[in-house]
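Under this note's numbering, the residues of the sequence shown are numbered 9 to 160, in order. The C-beta atom is built at its ideal place from N, Cα and C for all residues, glycine as well. Read through the structure below, which is laid out as structure tokens, and then see the notes.
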Amino acid sequence: MPAASASSCVPGGVFMLTSSHITNQRASGFVRTLRNDTRRNVSHNRNMGKRRGIPLQINWYLREWMDMLGVKQADMIKLTDWSKASMSQLYNGKQDYSPKIVEAAAKALNVEPFELLMKPERAMALRRQREAAIVLAHDSENPNPVNKAVNH
């Protein structure tokens, strides 16, 4: 390898060789380099091989809700305009959800979006508790006139 001459040193410590098997007489010995080009320790695409957005554990219960409500994958495809492949992956837990997917599924199943993030049994228990609380609140605001007659 030929030695680099003093005139071929580029600021930043990059040397250009003055001899080559093909010589360009009009080429400049100066080469501009950017600071990041000289300090790159890792490849720019180190994460390319990883699948992003797929957690280790899918934590929503689309399959359970569909099974409980008797909704088939074909029905969900029609109601949500999802592809057959996407529906299959969502149903089998191979694809993660996004807010847009949760909203579409909730609308198709006629449930609240947050309910898809919990088991159907738990969501139904919360629904019953909420309905009971609403009845109690309504009864306390509007006392029954029959009870007033009995108390007087």
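Please determine if the segment 75 to 84 and the segment 107 to 122 are in contact, where contact requires at least 3 C-beta pairs separated by less than 8 Å.
yes
Please work out which residues of its chain come closer than 7 Å, Cβ to Cβ, to residue 120, disregarding the five sequence neighbours upstream and downstream, and give them in chain order.
114
Confirm, please, whether the CB-CB distance from residue 99 to residue 74 is below 8 Å.
yes
N- and C-terminal bounds of the alpha helix (DSSP H) containing residue 123:
Neither: residue 123 is in no alpha helix (DSSP H) and is coded neither H nor E.
Specify, as a first and last residue, the run of the alpha helix (DSSP H) that residue 92 falls within.
92 to 99
Can you find the residues in the same chain that come closer than 8 Å, C-beta to C-beta, to residue 111, ignoring five residues on each side of it along the sequence?
121
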